[in-house]
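**Q** Pasting a structure here, questions to come.
Numbering (my numbering), first residue to last: 264 to 575.
In structure tokens:
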């Protein structure tokens, strides 16, 4: 099976509450590497994004260890790669500073990779693609009935003069959340995305009238909630959190959740099963610093169904 992954790459510097520091690839790398570790070598992942020319060769070399990643959609640009500093004041609260946010990924780079079984759009920087580009993607995949999954992520973040990110509502949120297989956001994003400050039930009711099938609200250590379109109503399903011995770093857990859901859903077409699986994989990631040990997610690799052959 095949999946296209769209979103900005980051170079993360993470300041942990205990004073330690981790430097690693971040942003869309979390989603791409998660898929590479969960899917089989017979599957193919098509990342589509740019990398600064200084980092390009080293990054492509990093991806070479994954036989199921096709890097032909990763392009080089002259500007620096987005640098993100994440300062955690607690294990769940952080200050984010983003420098050198890349230009939006143009449709001409994306379109050659839309003939796949699923498309994941992860708004890593909030400026990864333009709304008009998402409209074009919807038109292409809609004709093929290809599931389109979007992680709202930083769409709710503005950028201050000192490059610090801050939450703010999205006036065009209805257009962004239109005609998706699923829209994912965390509790804070769900509370701020609409200028009306809709509660989760109201937000889900509005979202599911936009021809979107599922609204997923992630809650960190408390699990996640799915609002699923069922007989013209939003039916709620709560998936409990996973007990951890120690949460080391929540960075990238949402990106991992989105990728794990897509990996499982492509194989099973089961919404709740896919969300529960994603919840488990994301919880495991919380025990790893940055993306340095991301390949440990291979312990969750999806098994290909066995085919019995009768020989008479």
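Note that CB positions come from ideal geometry on N, CA and C, so glycine has one too.
1) Just tell me which of 299, 286, 308, 352 has its CA closest to the CA of residue 280.
2) Can you tell me the Cα-Cα spacing of residue 360 and residue 406, whole angstroms?
3) Out of 272, 415, 484, point me to the one whose CA is closest to residue 394's CA.
4) Could you name the residues of the same chain whose beta carbon sits closer than 7 Å to that of residue 329, not counting the 5 residues immediately before and after it, in chain order?
5) How many angstroms separate the CA atom of residue 496 from the CA atom of residue 470?
6) Relative to the C-alpha of residue 441, which candidate in 476, 507, 338 has its C-alpha closest?
7) Using three-state DSSP, classify residue 456 as helix, strand or coil.
8) How many Å lie between residue 558 and residue 564 at the Cα?
9) Give the straight-line distance between the Cα atoms of residue 272 and residue 527, rounded to the nearest whole angstrom.
10) Helix or strand or just coil, what does DSSP make of residue 490?
11) When DSSP labels each residue in this structure, what does residue 413 get in the three-state scheme?
12) Please identify the residue among 449, 478, 431 whose C-alpha is closest to the C-alpha of residue 459.
13) Whose C-beta lies closer than 6 Å to the C-beta of residue 285 among residues of the same chain, with five residues either side of it excluded?
14) Indicate whether at least one CB of chain B lies closer than 8 Å to the CB of residue 477.
15) Cutting at 8 Å between CB atoms, please list the residues of its own chain near residue 325, excluding the five before and the five after it.
16) How would you call residue 464, buried or exposed, if buried means at least 16 neighbouring beta carbons within 10 angstroms?
17) Given residue 333, which residues of its chain have a CB within under 6 Å of its CB, disregarding the five upstream and five downstream residues?
**A** Reading it off the structure:
1) Nearest C-alpha to residue 280 among 299, 286, 308, 352: 352.
2) 39 Å
3) Residue 415 is the option with its Cα nearest to residue 394.
4) 299
5) Answer to the nearest angstrom: the Cα atoms are 11 Å apart.
6) 476
7) coil
8) The C-alpha of residue 558 lies about 10 Å from the C-alpha of residue 564.
9) 23 Å
10) strand
11) strand
12) 431
13) 277, 552, 553
14) You won't find chain B in this structure, because it holds only one protein chain.
15) Within the same chain, residue 325 has close Cβ partners 288.
16) Residue 464 counts as exposed, since fewer than 16 other beta carbons sit within 10 angstroms of its beta carbon.
17) 307, 309
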